[in-house]
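> So that we are looking at the same thing, I have put the structure below in structure tokens.
2 protein chains.
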Amino acid sequence: MTTKKRAKGALQTVRMGPKPVSLKQLAERLSLSPATVSLVINRSPVADSIPQETKDRILAAARKYKYRPNFFARSLRAQRSFTIGVIVPEVSEGYSASVMSGVEDHLLQEGYFYFVASHRHRADLIDEYPRLFLERSVDGLIAVDTPWTLSLSVPVVTVSGHNQVKGVTNIVLDHVRAAEVALKHLFQLGHRQIAFIKGQEFSSDTQVRWATIEKAARQLNLPISPALVSQLKGDSSSPQLGYEATRKLLASRKPFTALFAFNDISAMGAIRALREAKLRVPEDVSVVGFDDIQSAAYQNPPLTTVRQPLREMGRTAAETLLRRILRPGGESLGGETMVEPKLVIRQTTCQAANGLSSK
Amino acid sequence: MTTKKRAKGALQTVRMGPKPVSLKQLAERLSLSPATVSLVINRSPVADSIPQETKDRILAAARKYKYRPNFFARSLRAQRSFTIGVIVPEVSEGYSASVMSGVEDHLLQEGYFYFVASHRHRADLIDEYPRLFLERSVDGLIAVDTPWTLSLSVPVVTVSGHNQVKGVTNIVLDHVRAAEVALKHLFQLGHRQIAFIKGQEFSSDTQVRWATIEKAARQLNLPISPALVSQLKGDSSSPQLGYEATRKLLASRKPFTALFAFNDISAMGAIRALREAKLRVPEDVSVVGFDDIQSAAYQNPPLTTVRQPLREMGRTAAETLLRRILRPGGESLGGETMVEPKLVIRQTTCQAANGLSSK
DNA sequence: ATTCACTACTAAATCGCTTTTCTAGCGATT
DNA sequence: AATCGCTAGAAAAGCGATTTAGTAGTGAAT
Chain R
1 MTTKKRAKGA
11 LQTVRMGPKP
21 VSLKQLAERL
31 SLSPATVSLV
41 INRSPVADSI
51 PQETKDRILA
61 AARKYKYRPN
71 FFARSLRAQR
81 SFTIGVIVPE
91 VSEGYSASVM
101 SGVEDHLLQE
111 GYFYFVASHR
121 HRADLIDEYP
131 RLFLERSVDG
141 LIAVDTPWTL
151 SLSVPVVTVS
161 GHNQVKGVTN
171 IVLDHVRAAE
181 VALKHLFQLG
191 HRQIAFIKGQ
201 EFSSDTQVRW
211 ATIEKAARQL
221 NLPISPALVS
231 QLKGDSSSPQ
241 LGYEATRKLL
251 ASRKPFTALF
261 AFNDISAMGA
271 IRALREAKLR
281 VPEDVSVVGF
291 DDIQSAAYQN
301 PPLTTVRQPL
311 REMGRTAAET
321 LLRRILRPGG
331 ESLGGETMVE
341 PKLVIRQTTC
351 QAANGLSSK
Chain P
360 MTTKKRAKGA
370 LQTVRMGPKP
380 VSLKQLAERL
390 SLSPATVSLV
400 INRSPVADSI
410 PQETKDRILA
420 AARKYKYRPN
430 FFARSLRAQR
440 SFTIGVIVPE
450 VSEGYSASVM
460 SGVEDHLLQE
470 GYFYFVASHR
480 HRADLIDEYP
490 RLFLERSVDG
500 LIAVDTPWTL
510 SLSVPVVTVS
520 GHNQVKGVTN
530 IVLDHVRAAE
540 VALKHLFQLG
550 HRQIAFIKGQ
560 EFSSDTQVRW
570 ATIEKAARQL
580 NLPISPALVS
590 QLKGDSSSPQ
600 LGYEATRKLL
610 ASRKPFTALF
620 AFNDISAMGA
630 IRALREAKLR
640 VPEDVSVVGF
650 DDIQSAAYQN
660 PPLTTVRQPL
670 REMGRTAAET
680 LLRRILRPGG
690 ESLGGETMVE
700 PKLVIRQTTC
710 QAANGLSSK
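Protein chains in written order, with the working numbering: chain R, 1 to 359; chain P, 360 to 718.
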């Protein structure tokens with residue numbers, strides 16, 4: 001990296017006023033007290049008795065001098081910050097980013113801002129960031145794909161949290177349905193030997209997802225061979241992990257005609273590993289991913305996957321949180337909001353080669 | 360989406376103290392004045408005359424009662440928020456997310472938090488968000504891939520901003536080199552008919568990138584045919600745009616043996632379009648992307664691309680910003696910090712089919 | 001002539017912290 | 001005895017808003 005400074009003429013200088021007007025100054029210019037001005041500007045019912053003419057004068061002056069209440073002064077007084085904290089494993093993961101996008105949709109629209117902090121699976125940070133958020137007086141917290149056990153003094157909403165904690169609302173996918181729909185799809189295509197890649201331990205969906213897969217398999221009377229169950233290892237979010245997990249599967253030498261990956265990223269790595277083993281996707285092995293990240297549709301071949309409405313989940317999380325911030329109490333025991341998955345069939349799945357489907 | 364509330368036993372309740380201690384209360388318990396306590400806690404030099412014993416008592420009490428200075432009170436007084444604002448086109452884009460990740464690396468480590476806002480290319484939001492940030496008294500701003508012309512009352516650092524604005528530092532890629540390295544690679548492989556996909560108008564790199572490509576082509580004595588120049592249209596960040604741009608290229612019926620896409624995302628769409636036209640990648644058409652997003656290495660075939668060190672750029676932006684916040688003045692005319700690209704050769708490029716390389 | 005009820009505002013107390021400016025007490029100097 | 005210089009800490013003035021509890025002034029009712 002090199003550093004150099006260039007000096008050219010400035011392109012455009014729309015210097016934004018360096019000295020904002022305070023309430024007191026505004027009041028002075030109006031020959032009124034700060035109290036009156038504040039009352040009027042905040043449309044307090046107490047200001048009902050003030051004649052419209054005066055109100056107009058105040059409002060006009062506020063506009064003229066571009067009066068903006070000082071945020072800290074206001075927050076200090078109101079003990080509210082109109083800010084919420086969002087904690088994610090990693091900003092640059094497609095999963096977190098999609099959810100954040102939904103969170104933002106709703107939040108900014110409602111006049112809230114948000115802090116982001118990513119813990120990168122470090123337990124100490126998972127502990128510390130909420131504390132720091134609280135120190136900054138956030139009005140609430142959203143935890144995305146992060147194990148959560150704390151009951152805080154402000155409302156908390158998780159996305160994909162599965163613990164029942166007081167004061168915490170979880171936004172979760174209907175995993176039962178997700179597992180059913182994916183397995184049924186493979187089953188109907190004739191697949192009987194299905195391999196699986198489980199998520200890392202720290203991923204908050206890992207356990208539920210696996211439990212629901214086992215259940216769905218039982219219902220289909222489909223045995224799961226332990227040799228065909230692999231797991232993502234390591235805390236990066238690279239396709240590499242899926243690649244490695246698949247290599248392990250392949251090394252077991254137990255044949256399989258389909259693979260259900262923990263997510264799209266790992267499915268991408270899996271496909272690479274399969275190819276290297278001279279297996280064609282989907283002709284020899286069908287692959288199903290999870291999440292439906294943006295690039296899933298543009299894989300080659302396009303990836304069949306279980307879509308999670310991530311952005312919607314983020315939006316719902318934000319809505320739920322704001323609702324709870326505005327109407328405190330009632331956060332008795334934590335609740336759950338469920339969203340539905342959708343199987344998106346593209347081209348990494350096809351009829352099983354062994355013809356079992358016709359039996 | 361269905362909603363249902365479940366009630367189970369709470370898992371674990373580590374309720375965090377609902378009533379933080381104020382400085383005044385702490386001082387009271389110590390039978391000292393708030394002033395003294397504040398001075399000691401902040402290790403002010405004025406507290407030098409206070410005996411160590413008293414200091415220890417104060418520090419011990421602070422720890423015991425978990426005293427945390429109220430953030431707003433402190434910021435109100437100090438006129439500093441230890442918060443910076445980050446404005447991006449879209450959180451869920453790989454580009455922005457990678458940069459943000461780098462920004463965060465440095466920021467949190469230095470005790471700063473950051474707000475995120477995505478403008479989604481809407482001019483009104485590009486105008487409004489900085490204003491809102493300022494209203495919240497951010498100490499500085501980072502604008503990622505966003506056209507920037509404003510000179511603000513706080514330091515601003517852009518990532519991929521190319522305007523010279525007073526008080527604004529730009530972190531940019533060495534585009535000259537990027538264009539050279541990519542074109543030279545294709546040239547050496549014998550490609551003479553190269554197609555291009557330009558970025559959208561609103562993308563802040565579009566112009567520079569194209570200018571440098573033209574220059575590099577001239578230096579190689581390589582003509583650029585207007586019929587082989589396409590452009591991304593629309594403000595989504597889906598591969599679809601690259602797909603469409605490539606269709607247009609194909610429709611011109613002018614043959615080409617290589618394609619240089621504006622970014623990896625559009626390269627993905629381009630490859631899809633090429634395949635549909637029965638063209639093999641790379642045998643019939645070589646493709647070069649830009650950025651080297653995470654999934655680039657896991658495309659099939661793995662994508663040859665020009666890597667931008669996005670995370671590093673984010674980190675550098677944060678460092679530069681904090682430096683300027685701490686040492687005000689000197690932001691005379693805006694400066695520029697350049698980072699180097701790197702050509703990552705994977706498998707979407709190969710020798711041109713027409714054998715020109717051997718001439 | 002009082003009292004009452006309004007109207008149209010204002011004073012002043014907070015919110016919690018920082019920081020500059022005192023001051024009380026005490027031993028040591030002139 | 002008066003002054004000086006320390007030490008150890010306290011008082012008080014903000015920072016910029018919000019909000020409760022007033023208070024003049026006016027006209028009407030008793």
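Don't be surprised by glycine CBs; every beta carbon is placed ideally from N, CA and C.
Just list the residues that DSSP pairs Y473/P with in beta bridges.
Within the second sequence, numbered from 1, the residue matching residue 473/P stands at position 114. According to DSSP, Y473/P bridges with I443/P.
> Considering only their Cβ atoms, is the gap separating G199/R from A352/R smaller than 7 angstroms?
Reading the first sequence from its first residue, position 352 is the one you call residue 352/R. Reading the first sequence from its first residue, position 199 is the one you call residue 199/R. Their beta carbons are not under 7 angstroms apart, which means A352/R does not touch G199/R by this criterion.
> Cα separation between P255/R and Q193/R?
Against the first sequence, residue 255/R aligns to sequence position 255. Against the first sequence, residue 193/R aligns to sequence position 193. Their Cα atoms are separated by approximately 7 angstroms.
> Ordered along the chain, which non-local residues of its own chain (more than five positions away) have a Cβ less than 6 angstroms from that of A604/P?
Residue 604/P sits at position 245 when you count from the first residue of the second sequence. Only I556, S589 and L591 meet the Cβ criterion.
> Quick one: list the residues of chain P neighbouring S204/R, beta-carbon separation under 8 angstroms, in chain order.
Residue 204/R sits at position 204 when you count from the first residue of the first sequence. Annotation: S204/R has no Cβ neighbours in chain P at a cutoff of 8 angstroms; minimum Cβ distance is about 13 angstroms.
> For E319/R, count neighbouring Cβ atoms within 10 angstroms of its own Cβ and tell me buried if that reaches 16, exposed if not.
Your numbering for residue 319/R matches position 319 in the first sequence. With 16 or more other Cβ atoms within 10 Å, it is buried.
> Start and end of the beta strand (DSSP E) containing Q231/R?
Counting from 1 along the first sequence, the entry for residue 231/R is found at position 231. Per DSSP, the unbroken beta strand (DSSP E) holding Q231/R starts and ends at V229 to Q231.
> In or out: Q468/P buried (at least 16 other Cβ within 10 Å) or exposed?
Counting from one through the second sequence, the residue named residue 468/P turns up at place 109. By the C-beta density criterion, Q468/P is exposed, having fewer than 16 other C-beta atoms within 10 angstroms.
> In whole angstroms, give me the CA-to-CA distance for T169/R and P223/R.
By 1-based counting over the first sequence, the position of residue 169/R is 169. By 1-based counting over the first sequence, the position of residue 223/R is 223. When the Cα atoms are used, T169/R and P223/R turn out to be separated by approximately 35 angstroms.
> As a quick exercise: from S460/P, Y454/P, E494/P and Q547/P, pick the residue whose alpha carbon is nearest that of P69/R.
Within the first sequence, the letter at position 69 stands for residue 69/R. Closest option to P69/R, Cα to Cα, is E494/P.
> What does the Cβ neighbour count give for A258/R, buried or exposed, with the cut at 16 atoms within 10 Å?
Translated into the one-based positions of the first sequence, residue 258/R becomes position 258. Burial call: buried.
> In terms of alpha-carbon separation, which member of T316/R, S49/R, L322/R and S295/R lies closest to E340/R?
For the purposes of this step, residue 340/R is identified with residue 340 of the first sequence, where counting begins at 1. Nearest of T316/R, S49/R, L322/R and S295/R to E340/R, Cα basis: T316/R.
> Grab the span of the beta strand (DSSP E) containing M336/R for me, first residue to last.
For the purposes of this step, residue 336/R is taken as the residue at position 336 of the first sequence. Met is not the amino acid found at residue 336/R; the sequence shown has Glu there. Taken as a continuous stretch (DSSP letters only), the beta strand (DSSP E) holding E336/R covers E336 to V339.
> Could you tell me whether the Cβ atoms of S440/P and D498/P are closer together than 7 angstroms?
Taking the first residue of the second sequence as position 1, residue 440/P is located at position 81. Taking the first residue of the second sequence as position 1, residue 498/P is located at position 139. A contact, by the Cβ cut-off of 7 angstroms.
> How long is the line joining the alpha carbons of V540/P and F115/R, rounded to whole angstroms?
For the purposes of this step, residue 540/P is taken as residue 181 along the second sequence, with counting starting at 1. For the purposes of this step, residue 115/R is taken as residue 115 along the first sequence, with counting starting at 1. Answer to the nearest angstrom: the Cα atoms are 39 angstroms apart.
> Any idea what DSSP makes of A143/R, helix, strand or coil?
Working through the first sequence from its first residue, we reach residue 143/R at position 143. Note: A143/R maps to strand in three-state DSSP.
> Would you mind sorting V46/R into buried or exposed? The rule is 16 or more other CB atoms within 10 Å of its CB.
For this step, residue 46/R is matched to residue 46 along the first sequence. Exposed, because fewer than 16 other Cβ atoms sit within 10 Å of the Cβ of V46/R.
> Under 8 angstroms, with one C-beta from each stretch per pair, do the stretch 563-578 of chain P and the stretch 418-436 of chain P reach the 3-pair mark?
no
> For a test of the three-state rule: what should DSSP assign to S434/P, helix, strand or coil?
Within the second sequence, the letter at position 75 stands for residue 434/P. If DSSP states are grouped into helix, strand and coil, S434/P belongs with the helices.
> Compare the C-alpha of G102/R against each of Q599/P, H534/P, P668/P and V450/P and name the closest.
Here residue 102/R refers to the residue found at position 102 when the first sequence is read from its first residue. Looking at the Cα atoms, V450/P is the closest of the given residues.
> To the nearest angstrom, how far is the alpha carbon of A656/P from that of L241/R?
By 1-based counting over the second sequence, the position of residue 656/P is 297. By 1-based counting over the first sequence, the position of residue 241/R is 241. Near 13 angstroms, if we compare the C-alpha coordinates of L241/R and A656/P.
> Which residues in the same chain as V306/R place their Cβ atom closer than 6 angstroms to its Cβ, once the five residues preceding and following it in sequence are excluded?
Here the question's residue 306/R lines up with position 306 in the first sequence. Taken in chain order, the residues that qualify are A178, A182, F290, P341 and L343.
> Would a check of beta-carbon distances place R136/R closer than 7 angstroms to chain P?
Within the first sequence, numbered from 1, the residue matching residue 136/R stands at position 136. Interface residue, yes.
> Where does P514/P land, buried or exposed, given buried means 16+ other C-beta within 10 angstroms?
Here the question's residue 514/P lines up with position 155 in the second sequence. Buried is the label assigned to P514/P, since at least 16 other Cβ atoms lie within 10 Å of its Cβ.
> Quick check for students: name the residue ranges of the alpha helix (DSSP H) that lie wholly in the stretch 187-258 of chain R, counting only runs of 4 or more.
206-219 and 239-251
> Drop a sphere of 10 angstroms on the beta-carbon of E93/R, count the other beta-carbons inside from all chains shown, and report buried for 16 or more, exposed for fewer.
Within the first sequence, residue 93/R is the residue found at index 93, counting from 1. E93/R should be labelled buried.
> Which residues mark the beginning and the end of the alpha helix (DSSP H) in which V99/R is found?
In the first sequence, counting from the first residue as 1, residue 99/R sits at position 99. Residues G94 to Q109.
> Using 10 angstroms around the beta-carbon of I572/P, count the other beta-carbons present and answer buried if the total reaches 16, otherwise exposed.
If you number the second sequence from 1, residue 572/P lands on position 213. It counts as buried.
> If you check the beta carbons only, do F492/P and G526/P fall under 7 angstroms apart?
Taking the first residue of the second sequence as 1, we reach residue 492/P at position 133. Taking the first residue of the second sequence as 1, we reach residue 526/P at position 167. No, the Cβ-Cβ distance between F492/P and G526/P is not below 7 angstroms.
> Candidates R324/R, R122/R and I345/R: which alpha carbon is nearest I142/R's?
For the purposes of this step, residue 142/R is identified with residue 142 of the first sequence, where counting begins at 1. The shortest C-alpha separation from I142/R is found at R324/R.
> Are I530/P and T696/P close, meaning C-beta to C-beta below 7 angstroms?
Counting from one through the second sequence, the residue named residue 530/P turns up at place 171. Counting from one through the second sequence, the residue named residue 696/P turns up at place 337. Closer than 7 angstroms, so yes.
> On the premise that L321/R lies in contact with V157/R, defined as a C-beta separation below 8 angstroms, what is that separation, rounded to the nearest angstrom?
Locating residue 157/R in the first sequence gives position 157, where the first residue counts as 1. Locating residue 321/R in the first sequence gives position 321, where the first residue counts as 1. Correct: roughly 5 angstroms between the Cβ atoms.
> Taking CB distances under 7 angstroms as the criterion, tell me whether F615/P reaches chain R.
Against the second sequence, residue 615/P aligns to sequence position 256. So no, F615/P is outside the interface.
> Residues of chain P with a CB under 7 angstroms from the CB of Y298/R: which are they?
By one-based count along the first sequence, residue 298/R stands at place 298. Per Cβ cutoff of 7 angstroms: P598, M627, G628 and R631.
> Kindly identify the DSSP beta-bridge partner or partners of D291/R.
Here residue 291/R refers to the residue found at position 291 when the first sequence is read from its first residue. Looking at the DSSP assignment, D291/R forms a beta bridge with R307/R.
> Is it true that the CB of L532/P sits closer than 7 angstroms to the CB of Q667/P?
Residue numbering aside, residue 667/P sits at position 308 when the second sequence is read from its first letter. Residue numbering aside, residue 532/P sits at position 173 when the second sequence is read from its first letter. In this structure, Q667/P lies near L532/P, with their beta-carbon atoms less than 7 angstroms apart.
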